[in-house]
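Engineer: Numbering (the UniProt record's numbering), first residue to last: 1 to 293.
Where a beta carbon is used, it is the ideal one built from N, C-alpha and C, also for glycine.
Keep in mind the model is a prediction, meaning the values are calculated, not measured.
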C-alpha cells in the first residue's frame, strides 16, 4: 500500500491543479482571447515537458501513428481548451470544474458503447448521481447570481462539448500509449496543439502575446506550469495505478476551484453548488468502486 502512496499523491495533484488552473484562467479571460490563453498555456507546458524529454530515448514512430497522435493532441489540447476557455469566460470556475469532473463517467459510457469496457449497474448508478449533480447545478444557476442566461447557456454547451472531447480522446489515446513511451508521446501531441493554436490565432487575427500586468503574467505562468506538471503527474500515476482510480481524482478539481474562488472573492459557494459537488463526488466514488470487466 505504501508503494502506491506516491502515485496517489500524483493523481491528487493532477486533480487539484485542474481546478486551480481553471480559477486562474477565469481571472485572465477578460484580458485575452481563448486562443491566446490556450497558446500560452501549452507553449509554457510544452517547455516544462521538453526539458525531461531531452534525456529520454525517443521511439521511431510509424508515420500513421505520429499523425494520429498529433491529431489527438490538437483535439485534446487545442479544441478542448478553446471550448473550456470559452466556458470560463461565461461561467464561474467552480461550475466549469464541477461539470468537467464528470469526464471520467462520460469516458466510461463511451468505452462501454465502443465495447472497450463492460458497464456495470453500480457504474450506471454513479453516472446517474453525477448527472443529477449537473442538473442541480443548472437549475440552481451554478452559484452565480441568477439562473443561466443566453451567454451562460453558450458557456455550458461549450463546457459539455469540451468534456466529451476529453472523454473521447482519453479512449482513442489508449493503443498509442501502450505502443509508445508516455513522455515523448505527450510532447509530440502538445507540440502539434501549440502549432495549431498559433495558426488558428493568426487566422483569427488574434495576438498570441497579450498585454498582461505582472499579476496576470503570474496567473499565466502558473497555468502553464500546472499544465506541464499536471500532465506529467497524470501519466506517472497512470503507469502505477488503475486508470479509473487516477481519473477519479479529477473530482478534486471543483472542490479546489470552489475553495479558491471563496478566497479570491470572499464569498461562500451557493447551496446548489455544494449539493452538486456532493452528488458528483458520490457518483465518482460509486463508479470507481464498481468491479472492472
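For residue 179, report the span of its alpha helix (DSSP H) as first-last.
Structural biologist: Here the alpha helix (DSSP H) through residue 179 covers 174-179.
Engineer: Does the Cβ-Cβ distance between residue 94 and residue 254 come in under 8 angstroms?
Structural biologist: It is a contact, given that the beta carbons lie within the stated cut-off.
Engineer: Between which two residues does the alpha helix (DSSP H) carrying residue 212 extend?
Structural biologist: Run containing residue 212: none; DSSP gives neither H nor E here.
Engineer: Quick check on DSSP: helix, strand or coil for residue 34?
Structural biologist: Residue 34 falls in the helix class under three-state DSSP.
Engineer: Nearest-angstrom Cα distance between residue 143 and residue 57?
Structural biologist: Bear in mind that the predicted position of residue 143 carries a pLDDT of just 45, short of 50, making it unreliable; the figure below should be weighed with that in mind. Taking the straight line joining both Cα atoms gives about 48 angstroms.
Engineer: Would you tell me roughly how many angstroms separate the C-alpha atoms of residue 113 and residue 215, rounded to the nearest one?
Structural biologist: Approximately 45 angstroms, taken between the alpha carbons.
Engineer: Mark residue 189 as exposed unless 16 or more other C-beta atoms lie within 10 angstroms of its C-beta, in which case mark it buried.
Structural biologist: Answer is buried; the Cβ neighbour count reaches 16.
Engineer: Do residue 169 and residue 49 come within 8 angstroms of each other at the CB atom, strictly closer than that value?
Structural biologist: Not in contact: residue 49 and residue 169 (Cβ atoms no closer than 8 angstroms).
Engineer: Assuming residue 275 and residue 136 make a contact with CB atoms under 8 angstroms, what is their CB distance in whole Å?
Structural biologist: Indeed they touch by this definition, with Cβ atoms about 5 angstroms apart.
Engineer: From residue 41 to residue 18, what distance separates their C-alpha atoms?
Structural biologist: Each residue's Cα considered, the two are about 13 angstroms apart.
Engineer: Any chance the segment 86-102 sits against the segment 255-268, with 3 or more Cβ pairs inside 8 angstroms?
Structural biologist: Short answer: they touch.
Engineer: Please say whether residue 225 and residue 14 have beta carbons closer to each other than 8 angstroms?
Structural biologist: Not closer than 8 angstroms, so no.
Engineer: For the candidate residues 78, 201, 231, 154, whose alpha-carbon lies nearest to that of residue 185?
Structural biologist: The candidate whose alpha carbon is nearest that of residue 185 is 231.
Engineer: Given residue 77, which residues of its chain have a CB within under 6 angstroms of its CB, disregarding the five upstream and five downstream residues?
Structural biologist: Within the same chain, residue 77 has close Cβ partners 42, 190, 193.
Engineer: Considering only residues of the same chain and omitting the five flanking positions on each side of residue 110, which have a CB-CB separation below 7 angstroms?
Structural biologist: 167, 168, 171, listed in sequence order.
Engineer: Over what stretch of residues does the alpha helix (DSSP H) that includes residue 254 continue unbroken?
Structural biologist: Its alpha helix (DSSP H) spans residues 252-265.
Engineer: Please look up how many angstroms separate the CB atoms of residue 84 and residue 28, rounded, as I've assumed it's under 8 angstroms.
Structural biologist: Not confirmed; about 13 angstroms, so no contact.
Engineer: Thinking C-alpha only, which one of 9, 212, 23, 179 is nearest residue 90?
Structural biologist: Checking every option, the nearest Cα to that of residue 90 belongs to 23.
Engineer: Kindly give me the distance between the Cβ atoms of residue 105 and residue 126, rounded to whole angstroms, as I take these residues to be in contact under 8 angstroms.
Structural biologist: 7 angstroms between Cβ atoms; contact.
Engineer: Would you identify the three-state DSSP class for residue 76, choosing helix, strand or coil?
Structural biologist: DSSP places residue 76 in helix when its eight states are reduced to three.
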